[in-house]
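Structure first, then comments.
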Amino acid sequence: MKKKAGLLIGAGVLFILFIPSWIMFSSVVEDELESYQIKIKPGTSFNGVVNLLLENNVIHGSFKINITAKLWRLKSKLKAGKYEISSGVSSYRLLRILAGGRAKAEKVTIREGLQSRQIASILTRKIEMDSTEFMHLVHDREFIELLGVEAESLEGFLFPNTYHFIWGMNAKSVIKHMVLEFNKQLNDTLRQQLAHSKFSLVEILTLASVVEGEAVLDSERETIAAVYHNRLKKRMRLQADPTIQYIIKDGPRRLLKRDLRIDSPYNTYKYRGLPPGPINNPGIKSIAASLNPANVNYLYFVAKGNGAHTFTRTLNQHLRAKAKFDKYRRAVKRRRKNHSG
């Protein structure tokens, strides 16, 4: 009798132990697809995540996942992000993936010379970041000061690079990451050169942003920087087209004469000196070129039409080079018209 009772008790214990094990470690994701993609936005509650899983047919019931989350105290530990969930995983494994933050990183390339609003647009498209919040933070003085940046805005400090951001990452975290990368890339050598320069960091970034807007070939960056340094020394207007592109609303496009008359402190055709701040986010090559301009006495340059520029010392030389380029541009326009016709 005692033996029989012991067997019954033992079976009961095993059954009791089996129930939570079955709940936690049996498959919770159906095998209809090889994998499922789930996007969890920041601030989503546990119940919100469960509903998301149900709505996307990742799971077909909430019993197992609710019990598992309660047993392992995981309800408050799920993290935002985009996840790839393999079919056949258990509720325990699924929750561990979501709690471990093993979200799929999105590769985001921010090329040199982009304005902050263009960067915001890319990030919104790639990781669904809030672009309005991003642009607010770029100009938020308290946030800028918190990052240790001495500037009116973060334009120029959002370092162009290839990043791997988590889907749903908030604007504050993204900006911190990009400014941190800027501080890493501005190495000790460049910082020493800046210290011996008569320009502030913001002024160098402003000049570098203009160089970035003009340069196509790396081999010309230092020469383009030299032209602007020389014009500043002679108190000549910079007359830099990229500064006009910054203030027109429908750019970038071919500039018109009326654009050059826009009354803005960023209009370097109208006002002398550097514009108030960077007009884009320059790469390290343009920053280095602005700190180390070529030893030349050029004051002008004009495009050749192939990415390169013709550099000249006098206005007459410049006007001849410009006439040559205008002739080239007209010829290209005629060829295109004939080809389309």
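Residue numbers for the sequence shown follow this note's numbering, beginning at 33 and rising by one.
From the three backbone atoms N, C-alpha and C, an ideal C-beta is built for every residue, glycine too.
Proximity of residue i and residue j at Cβ, strictly below 8 angstroms
{"i": "residue 324", "j": "residue 246", "result": "no"}
{"i": "residue 238", "j": "residue 306", "result": "yes"}
{"i": "residue 146", "j": "residue 170", "result": "no"}
{"i": "residue 160", "j": "residue 136", "result": "no"}
{"i": "residue 111", "j": "residue 140", "result": "no"}
{"i": "residue 276", "j": "residue 264", "result": "no"}
{"i": "residue 311", "j": "residue 260", "result": "no"}
{"i": "residue 343", "j": "residue 333", "result": "yes"}
{"i": "residue 190", "j": "residue 148", "result": "yes"}
{"i": "residue 322", "j": "residue 203", "result": "no"}
{"i": "residue 86", "j": "residue 72", "result": "no"}
{"i": "residue 97", "j": "residue 91", "result": "yes"}
{"i": "residue 70", "j": "residue 88", "result": "yes"}
{"i": "residue 313", "j": "residue 188", "result": "yes"}
{"i": "residue 152", "j": "residue 166", "result": "yes"}
{"i": "residue 327", "j": "residue 262", "result": "no"}
{"i": "residue 319", "j": "residue 222", "result": "yes"}
{"i": "residue 197", "j": "residue 252", "result": "no"}
Residue environment, residue i, which counts as buried when at least 16 other CB atoms sit within 10 Å
{"i": "residue 273", "result": "buried"}
{"i": "residue 347", "result": "exposed"}
{"i": "residue 184", "result": "exposed"}
{"i": "residue 82", "result": "buried"}
{"i": "residue 194", "result": "exposed"}
{"i": "residue 248", "result": "exposed"}
{"i": "residue 113", "result": "buried"}
{"i": "residue 41", "result": "For residue 41, the predicted structure reports a pLDDT of 44, less than 50, and the residue's modelled location is therefore unreliable. The matter cannot be settled from this model."}
{"i": "residue 121", "result": "buried"}
Pairwise C-alpha distance: residue j and residue i
{"i": "residue 126", "j": "residue 168", "result": "36 angstroms"}
{"i": "residue 317", "j": "residue 131", "result": "41 angstroms"}
{"i": "residue 214", "j": "residue 228", "result": "20 angstroms"}
{"i": "residue 144", "j": "residue 244", "result": "7 angstroms"}
{"i": "residue 224", "j": "residue 134", "result": "40 angstroms"}
{"i": "residue 331", "j": "residue 345", "result": "5 angstroms"}
{"i": "residue 123", "j": "residue 66", "result": "17 angstroms"}
{"i": "residue 360", "j": "residue 257", "result": "25 angstroms"}
{"i": "residue 363", "j": "residue 335", "result": "15 angstroms"}
{"i": "residue 286", "j": "residue 234", "result": "28 angstroms"}
{"i": "residue 44", "j": "residue 163", "result": "Below a pLDDT of 50, predicted positions are generally treated as unreliable, and residue 44, at 40, falls in that range; the measurement from the model is reported next regardless. C-alpha separation (whole angstroms): 58 angstroms."}
Cβ neighbours of residue i in the same chain (closer than 7 angstroms, five flanking residues each side left out)
{"i": "residue 304", "result": "267, 269"}
Contact set for residue i: own chain, Cβ-Cβ below 6 angstroms, skip 5 residues either direction
{"i": "residue 107", "result": "78, 101"}
{"i": "residue 210", "result": "190, 191"}
Any non-hydrogen atom of the ligand MG within 7 angstroms of residue i CB
{"i": "residue 153", "result": "The ligand content of the structure shown is nil, which means the ligand MG is not present either."}
Residue range of the alpha helix (DSSP H) that includes residue i
{"i": "residue 321", "result": "316-323"}
{"i": "residue 148", "result": "148-159"}
{"i": "residue 277", "result": "273-279"}
{"i": "residue 139", "result": "From DSSP, residue 139 is part of no alpha helix (DSSP H) but of the beta strand (DSSP E) over 137-141."}
Span of the beta strand (DSSP E) around residue i
{"i": "residue 114", "result": "113-118"}
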